[in-house]
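Note sheet for the following structure.
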């Protein structure tokens, strides 16, 4: 039987607000345990939540970026369950009146993936377990994260392959980063993904029994977990079995999914409207104001890069995947108007250097204006491409220096004087009599060696074109 | 002269005239507490040392020549479900037996800013769930009029303390009648303000959409002053109203000639207690004599109020009380071998019977498959009840009813029958569902010398008018002057 895969994704994205969603505690990541807490986020008796306006603003911004309809009335609900990292014994979330509905993300193929809803909620804290959990006498609770604002973004079951799911996730993450509401860091947990996956006979319009996958902390793992799970389901069905509706965890070490709980064991969250917060209608003017702050979104920018700068799609994608890198590229191009040259330098030289030093493009020591000057020096013939690499490396080391200053300081100006180059050529010919002879005997490769020798003596400064011309001319004359 | 028997107005006068010191006032109430507490058991905690210190500050202020505002230096008792920083706050529950909050409720900050002196924390039904103060984990409070009887509840400690002159002022909280019914049983004045009028920040939640803090006092005038001190918008409470509060004492200067008073026929049925019925009838006549115009009105959905209340209140409570899990504060069972046991033993040992009953009721009402039939339906009927009042207030300026169906009942009389206990709030519950203000004032005594309460209900945010009616009635009758024999 031919099966079709059906995937829907639920993403939890931590919002980049300074403070928590219902109190004024800092929402900063990675601080000393329980140092960013107050009576409100500790769930002390008698406290009340007050909604952080920035959270609503960021969520509306997200809704707009995902082409959603911002809902006229939103309210919060209580989601009830007991866990030691959940101070109030309920999570304040949105159930039947989410902030935004009915959006869409378009994949590169043009296929549209529906966004069911975007809603706001608070994060829980986390448990810290002693290493040998089986014999542990206690677990510790860190509530720094309790009350950090989250958005839940739920897609329609519109994806048909793990690759589509991965592309959707990358586009979604890029979008959130572009609009500066989430840093999209999967490893630190500020961008988390659960997947609902089922398979059905190809051509069927009925959905198969879905399995929820959790615990995938990278794009790669999402793809691997989905691939594994689809194969597992196919095997079960082809052996005449039935898929259980359940939640399964991705085990990254074993590369398999493991059943966590069945549908029967799932919680009854007993949602009901949060009486401590009043229903809320965002003003149309406010929504309009927020929409004015939306930047060019990643996929649109990617298409523009290809058409406007005439660079390959792959390169454009590399830039788009990191907004700051795309910004850097555009800034350099704006200054020197040579997109392909800039693109090649960034992709071939700069990225490797950044990786080597383990810094991000934001910390890049080479300012676009210096980058531009270096390209200008090449264009004017002041330095060769080879020397440019030296200059580039030097600029990367000493962030303050301009390209021309480095060229001057290191004496890297290209030699274009034919007499000067001619003298070096003559001396090389004289010194390398053997090589010259083999060249004359038809070994054309020997020319390269001779060029190399000239360059070596000139410390790379001789104009390679002139070197070539003079060598050929002089060798002919021998 | 018994300082503790003086009215708030007299205390303020004597302070300003330097006839007595604030220290003397505080000492007088502390010794009164010491004397009657064995019989009344109104307090869970007395704040003697800090109260004396505060009194010294007030006395310094007086001796420096400053004139005190009406409530400055006046002792006040606080129901033990309002957070007081560094002072025990137990909600009369075992689960919070050692709990000292790290912050103070908004009302406490206002009380302190006004210069009142917290004299202690009062007993209550555990988590404000009850109508007799018998559901306290620390023993029942007695009614100062008859120690064999209940003071009402859940603010029974505050009402009894005021009735027994242990404090001239107190704060209570009212979710379904918890200020007004004990005020009625104890012969004092209890005001439940409009929902949203007084900040709930720091009030330990029972039912969030119904809870409201209000004054319990010996006189209407004091109620007006205390209300003025605690009312007003609080940005820490999203349900707090952004309205300014008018000068309430201005209302007390007005008579009630021409005010239209509605008498809801659903509140008067043939089975009602004849003494209560007679006293309410006399009160209505008195109000007519004072110039008010009385007319019969209808609140047709009254009969559903108790049912609606016990779904909404318990549903909210089931979530509000989930935080008492033994993880961060409060008591924790120490015999647990795993997480589930930690929860079940902690909550099993920490909560009393009535609290457990209500958590179970509320959990059930919110459960998958029952939500629509119970919670959602109850919310719809709640809207109908609110609409009844909106409609009624088109034809009248205030509504007059009894506060409770009977005078104070005997301790233990209803504690084995929860449903009968729930029905003692039958006249007060609709008010919380509708969110409107209500006040209970004494309107006479039974043959057994037990107080009977008159309830006056007003339009949302119109506490002024009901205080105006209450004040005119009180001044014309003087029931508030009768003292207990405790």
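Chains as they are written, first to last, in the numbering used here: chain C, 1 to 478; chain R, 479 to 964.
Each residue gets a CB set at the ideal place from its N, CA and C atoms; glycine is no exception.
The structure presented is a predicted model; accordingly, all values stated were derived computationally and were not measured.
In the three-state reduction of the DSSP assignment, residue 91(C) falls in the strand class, which pools E and B.
Taking all protein chains shown into account, residue 879(R) has 16 or more neighbouring C-beta atoms within 10 Å of its C-beta and is therefore buried.
At a cut-off of 9 Å between beta carbons, residue 679(R) contacts chain C. As a beta-bridge residue in DSSP terms, residue 12(C) pairs with 152(C), 192(C). Residue 268(C) has a beta carbon lying within less than 9 Å of a beta carbon in chain R.
If you draw a straight line from the Cα of residue 662(R) to the Cα of residue 851(R), it is about 35 Å long. Listed along chain C, the residues sitting closer than 8 Å to residue 714(R) by beta-carbon distance are 48, 50. With its beta carbon less than 9 Å from one in chain R, residue 78(C) belongs to the interface. Sorting 947(R), 706(R), 622(R) by C-alpha distance to the C-alpha of residue 927(R) places 622(R) at the top. A contact between stretches requires three or more CB pairs, one per stretch, nearer than 8 Å, and the segment 648-658 of chain R meets this requirement with the segment 554-563 of chain R.
Taking all protein chains in view, the Cβ of residue 729(R) is crowded by 16 or more other Cβ atoms within 10 Å, so the residue is classified as buried. Beyond the five residues adjoining it in sequence on each side, residue 610(R) comes within less than 6 Å, by CB distance, of 628, 631 in the same chain, given in chain order. Counting only residues of its own chain and dropping the five nearest sequence neighbours on each side, residue 86(C) has a CB closer than 6 Å to the CB of 124.
Around the CB of residue 276(C), 16 or more other CB atoms lie within 10 Å, so the residue is classed as buried. The alpha-carbon separation between residue 940(R) and residue 671(R) amounts to approximately 9 Å. Put simply, the backbone Cα of residue 107(C) is about 12 Å away from that of residue 175(C). In the DSSP annotation of this structure, the continuous segment of the beta strand (DSSP E) that includes residue 250(C) starts and ends at 246-251. Here residue 238(C) is not near residue 11(C), since their CB atoms are 9 Å or more apart. In the three-state scheme derived from DSSP, where H, G and I count as helix and E and B as strand, residue 415(C) is classed as strand.
CA-CA distance, residue 601(R) to residue 559(R), rounds to 9 Å. Rounded to the nearest angstrom, the Cβ distance from residue 328(C) to residue 361(C) is 5 Å, consistent with a contact under 8 Å. Of all residues in the segment 791-804 of chain R, only 793, 794, 797, 800, 801, 803 place a beta-carbon less than 7 Å from a beta-carbon of chain C. The beta carbon of residue 141(C) lies closer than 7 Å to those of 84, 85, 125, 127 in the same chain, with the five residues before and after it left out.
Nearest CB-CB separation between residue 271(C) and chain R: below the 9 Å threshold. Within the segment 603-660 of chain R, the runs of beta strand (DSSP E) at least 3 residues long that lie entirely inside it are, in chain order, 647-652. Taking C-beta atoms as the reference points, residue 712(R) and residue 584(R) count as a pair closer than 9 Å. Between the alpha carbons of residue 753(R) and residue 92(C) lies a gap of roughly 49 Å. Annotation: Cβ neighbours of residue 841(R) in chain C (cutoff 9 Å, chain order): 80, 270. Within the same chain, 384, 386, 451, 455 come within 8 Å of residue 464(C) by CB-CB distance, once the 5 residues on both sides are set aside.
With its beta carbon less than 9 Å from one in chain C, residue 687(R) belongs to the interface. The DSSP-derived three-state label of residue 75(C) is coil.
In the DSSP annotation of this structure, the continuous segment of the alpha helix (DSSP H) that includes residue 501(R) starts and ends at 500-518. Leaving aside the five residues that flank residue 136(C) on each side, the residues in its chain whose CB is nearer than 7 Å to its CB run, in chain order, 129, 130. For residue 112(C), there is no enclosing alpha helix (DSSP H); the residue is part of the beta strand (DSSP E) that begins and ends at 112-122. When C-beta atoms of the segment 49-62 of chain C are compared with those of the segment 719-727 of chain R, fewer than three pairs fall below 8 Å, so the two segments do not count as touching. Counting C-beta pairs with one atom in each stretch, the segment 762-773 of chain R and the segment 809-816 of chain R have fewer than three that are closer than 8 Å, which means they do not touch.
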